[in-house]
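Everything on this sheet refers to the single structure shown next.
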Amino acid sequence: MIRFSIMVIDIVFLLIGGGCLLIGVLLQIKWHRLWEKEGIRHTKKKTPEKLITSGLYQYVRHPHYLSNILLTFGGSMVAYVLLDLSFPWSILPFLPSILFIPFFILGAVEEERHLTEKFGDDYRSYQNRVPMFIPRFKLAKESSPSTINK
C-alpha cells in the first residue's frame, strides 16, 4: 500500500515535471524564432528598437524567463523522481529551483524597469494588458473592436 502511493506521487511528479520541461522547450523554440524573425537574436544589442507585443508576447511579457522557470522547475521534479533520494538528500533536486527561479524573477523585474524607461507609456499600457508570467486565456464569446490586434 505504501509503495503504491509513492508510485502514484512519482507518476504525478513525472507528469508535471515532464509537462513543464516540454512547455519550457517549446517556449524557448518559439521565443528564439520570434527574435530571429524580428532581427534581434543575432545582434549584440538585445533590446529591440520597437516594442514587440505579438507572438508569445501577446500572452506573457517575459516568455524567455517563463521558459527558464518551467525548465528549472520541471527538471527538479523529474530529477526528484529519478534520483529517488531519501530525506534529507531528497531536497537536492530542488536546489536549482530554489536558487535560480528567484534570479529569473529578479531579471524580469529589472527588464521591466529598463523597458519602461525605453518605451514609456507604451510599455505601461502593455503591462496593464499582458501578464508578466502566467497567461490569461479568455473564452472567446464574440469579437469586439477592442480585442482585435492592432
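With the sequence shown counted from 1, adding 366 to any position gets you our numbering. Ideal Cβ placement from N, Cα and C applies to all residues, glycine included.
- The alpha-carbon separation between A445 and Q394 amounts to approximately 21 Å.
- The beta carbon of L449 sits closer than 7 Å to those of P459, all from its chain and outside the five residues before and after it, given in chain order.
- Note that the C-beta distance between F499 and V426 is below 8 Å.
- Between the C-alpha atoms of Y423 and E478 there is a straight-line separation of about 13 Å.
- Assigned with DSSP and collapsed to three states, K416 falls in coil, not helix or strand.
- Across the structure, I382 and V447 are spaced so that their CA atoms are roughly 11 Å apart.
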